[in-house]
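Chemist: Encoded as structure tokens, here's the structure I'll be asking about.
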Amino acid sequence: MTPAIAQRPHDAAGTWLLTHNAAERVRNVVSMTRRNLVHISREPMQLSDVTIQPVLFTVLFIYLFGGAIPIPGGSYTDFILAGLLTLNLTTSTMGTAVGLATDLHEGMIDRFRVLPMWRPAVLVGRSFADLLTACLCALVVAVTGLAVGWRTSAGLLSIIAGFALVLFFAYSLSWVAACVGLNSKSPESAASFGFIVLFPLAFVSNAMVPTQHMPGWLQAAADWNPVSAVTAGARQLWDNPNPSASTGAWPMQHPIEASLAWSVLILAVAAPLASRFFRRRTTG
Amino acid sequence: MADAMIEADGLFKSYGETRALAGVSFSVPAGSVLGLLGPNGAGKTTAVRILTTLALPDAGQAWVAGIDVLAHPAAVRRQIGVAAQDATLDGLLTGRQNLVLVGELSGMRTGQARTRATELLELFELADAADRVVKGYSGGMRRRLDLAASLLTRPPVLFLDEPTTGLDPVSRQRVWEVIRELIGSGVTLLLTTQYLDEADALADRIVVVNHGQVIADGTPRELKERSRSAYVEVTLAEPGPEAAEVIAPLVGGQVSVSADGLRLGAAVDSAPGLATALVRALDQAGMLADNIEVRQPSLDDVFFALTGAHVPGEHNGSGAKGTSAGQGGPGKGARERESEGAQA
Chain Z
1 MTPAIAQRPH
11 DAAGTWLLTH
21 NAAERVRNVV
31 SMTRRNLVHI
41 SREPMQLSDV
51 TIQPVLFTVL
61 FIYLFGGAIP
71 IPGGSYTDFI
81 LAGLLTLNLT
91 TSTMGTAVGL
101 ATDLHEGMID
111 RFRVLPMWRP
121 AVLVGRSFAD
131 LLTACLCALV
141 VAVTGLAVGW
151 RTSAGLLSII
161 AGFALVLFFA
171 YSLSWVAACV
181 GLNSKSPESA
191 ASFGFIVLFP
201 LAFVSNAMVP
211 TQHMPGWLQA
221 AADWNPVSAV
231 TAGARQLWDN
241 PNPSASTGAW
251 PMQHPIEASL
261 AWSVLILAVA
271 APLASRFFRR
281 RTTG
Chain L
1 MADAMIEADG
11 LFKSYGETRA
21 LAGVSFSVPA
31 GSVLGLLGPN
41 GAGKTTAVRI
51 LTTLALPDAG
61 QAWVAGIDVL
71 AHPAAVRRQI
81 GVAAQDATLD
91 GLLTGRQNLV
101 LVGELSGMRT
111 GQARTRATEL
121 LELFELADAA
131 DRVVKGYSGG
141 MRRRLDLAAS
151 LLTRPPVLFL
161 DEPTTGLDPV
171 SRQRVWEVIR
181 ELIGSGVTLL
191 LTTQYLDEAD
201 ALADRIVVVN
211 HGQVIADGTP
221 RELKERSRSA
231 YVEVTLAEPG
241 PEAAEVIAPL
251 VGGQVSVSAD
261 GLRLGAAVDS
271 APGLATALVR
281 ALDQAGMLAD
291 NIEVRQPSLD
301 DVFFALTGAH
311 VPGEHNGSGA
321 KGTSAGQGGP
331 GKGARERESE
341 GAQA
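Residue numbers (the working numbering), protein chains in the order written: chain Z, 1 to 284; chain L, 1 to 344.
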């Protein structure tokens, strides 16, 4: 009898990234991205998250709350659009968690695992597909916003930078969602992540209302919430009303730097963690 | 064993308290078919998962195509095709998209993967359903598509984990046909099954596992002989009251005689040349035998002899038994009827 095998040499952290040459890795990522895009197109619920929901939210918020919430220095419509974009993109990352949990649950991962593929493509491909659907979501929000009266006086580059800032944040969050999906026992429990984490994250922020009227502790939480930094950053780049600029918290004073820092930090923690969870979940 | 394409050596594996494998060893020579046979929970799937790099053993070693599975799993994956027990297909993709995806992820160029996918869809009679979403496929179609996926890169070593479990007899028959064609193409195949007739019909050698251990290993014929429960039946041209006395010494046991005195039956140790000896003995006694049949025991008898238990689900599988020709005698269903007749 041979001694027990603790771990395969190639499964050690880090080295699994280095198998295959660059062209093979790119091809694998493209294949996996395409697969996940087909999924989204066939799952009406998942697609509605980035198409119907943004339209609904935009129209509801603007017509329901628009008149009731006074925004210093501008209209509620101009104020809310950046908030709606972050809200929609934040909550739609739930799809990543559910999708990965489904792959694990239905044994599809086992098919990938017996193929001589670059394994990280499973995660990277999913994150790219989610980024592409986030782009679609951003487009839907922007078009709906324009239709209901959102305007910006910023230059084209600045407008694009605003969208890029929010999309980069959504991309980093999708890796957090991947960590959740990889630790979920079922797709259903992965979905609850959306309600337990993502909704409070999106709502306890400056996305929907200015934070000035919140109780002190809640305002502190909201001002340091990465969602607030991202939203304020987009408002600043779009020349839209940004009441948060008058609060004292550092992230609200430097929203662009703060949101980039948040996104990089989240990505730097969540991506290695996700690959670790993936290997743990797919060994033994 | 230099030309073994699959080799397992002393595999141990536990999941928590459950011991799935307790020292399993076997080897499959190049170009041959091994049937890994055992009831549910015997450890078959665990053995396949270790050999296909999906699981690590607690102890033991394994080689596939001469490559150490534990040391070089990535190299092993380039040599194998796997059809898992629960067909691992993407339900939201079409059949064709599934195959192309597997091809691309195996290193084929997209065009190449498409060509091969079309070829396999034709071969497995899935061309009509090729562009439908797999979620709507029947169980048999899913299995065939899963088999096709495992063959995309023409791997030299194939693992099929219970390829017909849960299929109706007709679908089962078609999967068998497909596997038979594969066998002709020179691949080395490891097939797990709960169905004795399936192992009998498809495998060159059978390894019987139960509770994580190998309890028997041999050709289907050897295993049947090991169970020592062949049955001989003699049909006389005319009733011969003394025939039972004539053959009794040869069969070494109780002889049953039918009501009309024409048919005699006896359980015997499997013995080559028995039929000839019987003809000769009856001839010397002045009797003419119309027919003498020595029937091989079914693999269910083998399993019963080895484990003291019948195989669960065996009766579900007997519908397709008729194809296991060449292994002597009528199918299992027929055998049971005759046994009952002999007892009556």
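C-beta: ideal position from N, C-alpha, C; glycine also.
Within the same chain, show all residues whose beta-carbon is closer than 8 angstroms to that of L167 (chain Z), passing over the 5 residues directly before and after it, in chain order.
Modeler: So the qualifying residues of the chain are L89, L131, A134, C135, A138.
Chemist: Please say whether A142 (chain Z) and L81 (chain Z) have beta carbons closer to each other than 9 angstroms?
Modeler: Yes, Cβ-Cβ distance for L81 (chain Z) and A142 (chain Z) is below 9 angstroms.
Chemist: Under three-state DSSP, which class holds I6 (chain L)?
Modeler: In the structure shown, I6 (chain L) sits in a strand (DSSP, three-state: E or B).
Chemist: When you compare only the Cα positions, how much space is there between A129 (chain Z) and V209 (chain L)?
Modeler: Using only the alpha carbons, I get a separation of about 44 angstroms.
Chemist: Does the distance from the C-beta atom of A232 (chain Z) to that of P255 (chain Z) stay below 9 angstroms?
Modeler: It is a contact, given that the beta carbons lie within the stated cut-off.
Chemist: For a contact defined as C-beta to C-beta under 7 angstroms, what are the partners of S31 (chain Z) on chain L?
Modeler: By Cβ distance, chain L contributes L101, E104, L105.
Chemist: Give me the Cα-Cα distance between A161 (chain Z) and G155 (chain Z), rounded to the nearest whole angstrom.
Modeler: Each residue's Cα considered, the two are about 10 angstroms apart.
Chemist: Is any beta-carbon of chain L found at less than 9 angstroms from that of T96 (chain Z)?
Modeler: Output row for T96 (chain Z): interface = no.
Chemist: For D269 (chain L), return the contacting residues in chain Z, with the cut-off set at a CB-CB distance below 8 angstroms.
Modeler: Going along chain Z, no residue has its Cβ under 8 angstroms from D269 (chain L), so there is no contact; the nearest lies around 37 angstroms.
Chemist: Give the residues from the stretch 76 to 87 of chain L that approach chain A closer than 8 angstroms (Cβ to any Cβ), ordered along the chain.
Modeler: Included in the structure are the protein chains Z and L, with no chain A among them.
Chemist: Under 9 angstroms between C-beta atoms, does V114 (chain Z) make it to chain L?
Modeler: So yes, V114 (chain Z) belongs to the interface.
Chemist: Looking only at C-alpha atoms, which of L:L190, L:R114, L:T94 sits nearest to S32 (chain L)?
Modeler: Among L:L190, L:R114, L:T94, the Cα nearest to that of S32 (chain L) belongs to L:L190.
Chemist: How long is the line joining the alpha carbons of S318 (chain L) and V175 (chain L), rounded to whole angstroms?
Modeler: With a pLDDT of 36 at S318 (chain L), under the threshold of 50, the modelled position of that residue is not reliable, and no figure is offered here.
Chemist: Kindly list, in the order they appear in chain Z, the residues whose Cβ is closer than 8 angstroms to that of V133 (chain L).
Modeler: The answer, in chain order, is R42.
Chemist: Which of the three DSSP states, helix, strand or coil, is assigned to F168 (chain Z)?
Modeler: Looking at F168 (chain Z) - three-state DSSP - the assignment turns out to be helix.
Chemist: Going straight from the alpha carbon of V197 (chain Z) to that of M94 (chain Z), what length do you get?
Modeler: Taking the straight line joining both Cα atoms gives about 10 angstroms.
Chemist: Output the boundary residues of the alpha helix (DSSP H) element that contains S92 (chain Z).
Modeler: Taken as a continuous stretch (DSSP letters only), the alpha helix (DSSP H) holding S92 (chain Z) covers 76 to 92.
Chemist: Between D217 (chain L) and V207 (chain L), which are expected to be in contact by the criterion C-beta below 8 angstroms, what is the C-beta distance as a whole number of angstroms?
Modeler: The pair is a contact, with the Cβ atoms about 5 angstroms apart (cut-off 8 angstroms).
Chemist: Assign D161 (chain L) to buried or exposed, taking buried as 16 or more other Cβ atoms, counted over all protein chains shown, within 10 Å of its Cβ.
Modeler: D161 (chain L) comes out buried.
Chemist: Taking buried to mean at least 16 other C-beta atoms within 10 Å of its own C-beta, is V268 (chain L) buried or exposed?
Modeler: Per the 10 Å Cβ criterion, buried.
Chemist: Going by C-alpha to C-alpha distance, which of L:R77, L:D290, L:E222, L:E125 sits closest to D110 (chain Z)?
Modeler: Measuring from the Cα of D110 (chain Z), the nearest candidate turns out to be L:R77.
Chemist: I'd like the span of the alpha helix (DSSP H) that includes I179 (chain L), first residue to last.
Modeler: Looking at the DSSP string, the run of the alpha helix (DSSP H) that includes I179 (chain L) is 169 to 184.
Chemist: Is A101 (chain Z) close to chain L, meaning its C-beta is less than 9 angstroms from at least one C-beta of that chain?
Modeler: No - not a single Cβ of chain L is within 9 angstroms of the one on A101 (chain Z).
Chemist: Is it true that the CB of R172 (chain L) sits closer than 9 angstroms to the CB of T164 (chain L)?
Modeler: Contact: yes.
Chemist: Taking only three categories from DSSP, how would you classify W238 (chain Z)?
Modeler: Correct three-state label for W238 (chain Z): helix.
Chemist: Taking A289 (chain L) as the reference, give the member of L:E225, L:L56, L:V232 with the closest Cα.
Modeler: Comparing Cα positions, the closest option is L:V232.
Chemist: Going by the CB atoms, is the gap between I183 (chain L) and T235 (chain L) shorter than 9 angstroms?
Modeler: No, the Cβ-Cβ distance between T235 (chain L) and I183 (chain L) is not below 9 angstroms.
Chemist: Please identify, using Cβ separations under 7 angstroms, the residues of the stretch 254 to 279 of chain Z that lie next to chain L, in order along the chain.
Modeler: Residues passing the 7 angstroms Cβ filter: none.
Chemist: Which residue comes first and which comes last in the alpha helix (DSSP H) that contains F65 (chain Z)?
Modeler: First-last for F65 (chain Z): undefined, no H or E at that position.
Chemist: Round the Cβ separation of P251 (chain Z) and A245 (chain Z) to the nearest angstrom and send it over; I've been treating them as touching at under 8 angstroms.
Modeler: Actually they are not in contact, since the Cβ atoms of P251 (chain Z) and A245 (chain Z) sit about 11 angstroms apart, beyond 8 angstroms.
Chemist: So the candidates are L:E177, L:A47, L:A74; which of them puts its Cα closest to the Cα of F124 (chain L)?
Modeler: The candidate whose alpha carbon is nearest that of F124 (chain L) is L:E177.
Chemist: May I ask you to report which of helix, strand or coil DSSP gives A320 (chain L)?
Modeler: In this prediction, A320 (chain L) scores a pLDDT of 34, lower than 50, which makes its location untrustworthy; no coordinate-derived value is stated.
Chemist: Hey, does G166 (chain L) have any beta-carbon neighbour from chain Z nearer than 9 angstroms?
Modeler: No, G166 (chain L) lies away from the interface with chain Z (no Cβ there is under 9 angstroms from its Cβ).
Chemist: Using three-state DSSP, classify G166 (chain L) as helix, strand or coil.
Modeler: In this structure, G166 (chain L) counts as coil in the three-state DSSP scheme.
Chemist: Touching or not, the stretch 142 to 153 of chain Z and the stretch 100 to 118 of chain Z, by the rule of three or more beta carbon pairs under 8 angstroms?
Modeler: With a cut-off of 8 angstroms, the stretch 100 to 118 of chain Z and the stretch 142 to 153 of chain Z do not count as touching, because too few Cβ pairs lie within range.
Chemist: Buried or exposed for I6 (chain L), please, with buried defined as at least 16 other CB atoms from any protein chain shown within 10 angstroms of its CB.
Modeler: Under this definition I6 (chain L) is a buried residue.
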